[in-house]
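Here the structure comes first, spelled out in structure tokens, and everything after it is commentary.
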Amino acid sequence: MKYNALKGVEDILPPDIFIWQRAEAIAKSVFSRYGFSEIRLPIIESTDLFVRSIGESTDIVGKEMYTFPDKAGRSITLRPEGTASAVRCYVEHGLNNLPSPQKFFYTGPMFRYERPQKGRQRQFYQMGAEVFGSAHPSIDAEIIVMLNNLLSELGLKEVKFELNSIGCEQCRPAYKSSLTDFFRSKLDQYCPDCKNRFITNPLRILDCKVEECIELRKGAPSVTDHLCDACRTHFDELLLRLNLMNTKYTLNPNLVRGLDYYTRTAFEVTSEHLGAQKAVAGGGRYDRLVKEFGGPETPAIGFAIGMERLIALLKDSEGAAAPAPKVFIAALGDEADRQASVIAEDLRKKGIWAELNYSSASLKSQMRKADRLGAEYVFIIGENELKDGIVQWKNLKTGDQGQYDIKTTFEVLIN
RNA sequence: GUGGGUGUAGCUCAAUGGUAGAGCGCUGGACUGUGGCUCCAGUUGCUGCGGGUUCGAUCCCCGUCAUCCACCCCA
């Protein structure tokens, strides 16, 4: 019986895994500089947690969740995103009692039951960051600047940082109704999807890709013109700070985020090199969610990076060099082979990556293997060397060759 | 859930209505103990699966599954 990985899930193996590891290491280093601590969150949660936070009307909740009953009949869901769990964790452990703001990051797989396509799979990895307990625009600015720095430290170029404010519970209802008034007059001329959006989430009509809809919605009221004073001030202060820190962004009044919990600041990082799913990271403020989850009134903001999409971009900008052994030990004959194991062990204890052939073979084929592994040095041990208590060494990059006392083999490697 | 493309060797892909080939890779050799370059030899297939048309299907038809891309939606 031959098994395949399930639809939309994939194995990550060398050489790609080296790009992942590098990206994760850089991200962790950046996060820690900004005072973010890692948290590890469960992959399963109560279904209700996601329904309440993400929103009943969203596609994620409506048709994309991996939901199943556990053995006691509780409804369990494989997390489709990380924020809901982070908020649950914050409230459950009373983290509001620690000095505000609290900053966290997390990484791990998310699950959405969707048709796979380029940049979209059913199990995908996100690296997310969340800040709880500050409504101040300086936090918005900081998290955006951090994301920017992270992406540029990773070596990402040609990404676009789009920014918008979608208002709060004060100003959004009024905006929404002036928007629906605008759409209603010509609703019959919009595409079927947009007619649907009119019911479920009229804001989404603003980023429909159909030509006719783009034409029809010209002159539609813009969120940024309908912000209440508090939201306006918040947004202006954010922009001011981004300018002060030389962070580039593009204002996009049509940027709406799909999840119900977002308020005020919304942003998205996109790339033209990704296919149709071009968002590599997205985030925003969610000032109501903590309270909704039974915590104290706690403003919050966060973002998530889609790791597969990020890696795809890193892959075409630069090939990560696969790590290679420092030394390959070629042995000729049984006794030499035993000695090779001993020497390899000795080197490894000193922190040096040493490889062996693990079976008798001609020197030629052992040399070839060393070369293909990318080893820097080959040590050669045959009967002559054993007799004289030495090893032959050869640097495969330079071709230099020499011999060393068998007891001090590592010395050649230290320089 | 909807639409389109593609399924042949480990990988990338050819081929013809008469039961398959190249390049890469891998193994070995050209030097009885020295890699890379070159040359030589060897190596792998139920041509996704099931059915139909046909004397005969890898090729044509139907179904199915897988995969890719796009829509929807999202990271």
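Residue numbering for the first sequence is 1237 to 1651, as defined by our numbering.
Virtual Cβ for every residue (Gly too), placed ideally from N, Cα, C.
Sequence-distant residues of its chain with Cβ nearer than 7 Å to residue i (five each side left out)
i: S1374; result: R1477
i: I1380; result: L1478, T1483 and F1503
i: E1544; result: G1355, Q1357, F1360 and Y1361
i: L1387; result: V1395 and V1505
i: L1609; result: A1560, P1561, F1564 and E1591
Chain-order list of residues whose beta-carbon lies under 6 Å from that of residue i (same chain, five-residue window excluded)
i: A1606; result: F1564 and V1614
i: T1283; result: T1303, S1311 and T1313
i: P1532; result: N1332
i: A1371; result: P1535
Residue i versus residue j - alpha carbon distance
i: E1389; j: I1262; result: 7 Å
i: Y1498; j: G1403; result: 9 Å
i: T1469; j: S1321; result: 30 Å
i: E1619; j: V1627; result: 10 Å
i: Q1257; j: L1549; result: 15 Å
i: Y1270; j: G1542; result: 20 Å
i: S1577; j: L1592; result: 7 Å
i: Y1640; j: D1582; result: 15 Å
i: G1638; j: V1505; result: 54 Å
i: G1455; j: R1433; result: 18 Å
i: E1612; j: H1329; result: 51 Å
i: K1585; j: I1642; result: 16 Å
i: V1327; j: M1382; result: 25 Å
i: H1462; j: S1293; result: 24 Å
i: L1632; j: P1305; result: 59 Å
Sub-9 Å separation of residue i and residue j beta-carbons
i: G1244; j: R1351; result: yes
i: A1540; j: A1365; result: yes
i: S1265; j: D1496; result: no
i: S1596; j: D1624; result: no
i: A1536; j: V1367; result: yes
i: G1369; j: S1336; result: yes
i: R1324; j: F1646; result: no
i: Q1353; j: A1512; result: yes
i: R1440; j: F1419; result: no
i: K1562; j: I1588; result: yes
i: I1547; j: A1259; result: yes
i: R1500; j: D1472; result: no
i: L1423; j: P1457; result: no
i: C1427; j: E1398; result: no
i: L1525; j: V1492; result: no
Contacts around residue i, its chain only, beta-carbon distance under 8 Å, and the 5 residues preceding and following it disregarded
i: D1429; result: C1444 and V1446
i: G1344; result: R1276, L1277, I1279, G1318, Y1361 and Q1362
i: E1394; result: S1507, E1508 and H1509
i: E1281; result: I1312, T1313, R1315, A1320, S1321 and R1324
i: E1621; result: A1572, V1627, Q1628, Q1639 and I1642
i: K1299; result: Y1349
i: I1579; result: I1565, A1590, F1615, I1617, V1627, I1642 and T1645
i: Q1575; result: A1567, I1617, L1622 and I1642
For residue i, the nearest candidate out of the options (CA to CA)
i: A1517; options: L1392, G1369, R1269 and V1287; result: L1392
i: I1435; options: R1453, I1450 and S1413; result: S1413
i: N1490; options: N1400, E1366 and V1287; result: N1400
i: G1635; options: D1624, M1603 and N1620; result: M1603
i: T1652; options: I1255, K1396 and E1448; result: Limits of the chain in this structure are 1237 at one end and 1651 at the other, which puts residue 1652 out of reach.
i: F1267; options: V1459, D1376, A1241 and F1341; result: F1341
i: F1347; options: G1355, Q1338 and Q1359; result: Q1359
i: N1488; options: L1475, R1608 and M1481; result: L1475
i: D1573; options: S1598, P1559 and K1586; result: S1598
i: F1272; options: Q1575, G1538, V1287 and N1240; result: G1538
i: P1559; options: D1247, N1631, I1248 and I1255; result: I1255
i: P1251; options: C1467, K1551, I1642 and K1643; result: K1551
i: D1465; options: C1407, L1387 and L1242; result: C1407
i: M1301; options: A1308, L1285 and Y1239; result: L1285
i: L1480; options: A1377, L1632 and N1437; result: A1377
i: K1600; options: Y1239, P1409 and L1568; result: L1568
i: G1519; options: G1610, E1274 and N1384; result: N1384
i: Q1338; options: E1274, I1253, D1295 and V1287; result: E1274
i: I1450; options: V1648, Q1425 and K1307; result: Q1425
Secondary structure of residue i, DSSP reduced to three states
i: F1272; result: coil
i: E1389; result: helix
i: E1612; result: coil
i: L1599; result: helix
i: P1345; result: strand
i: P1535; result: coil
i: R1351; result: coil
i: R1584; result: helix
i: I1626; result: strand
i: D1523; result: coil
i: I1262; result: helix
i: R1493; result: coil
i: M1382; result: helix
i: F1529; result: coil
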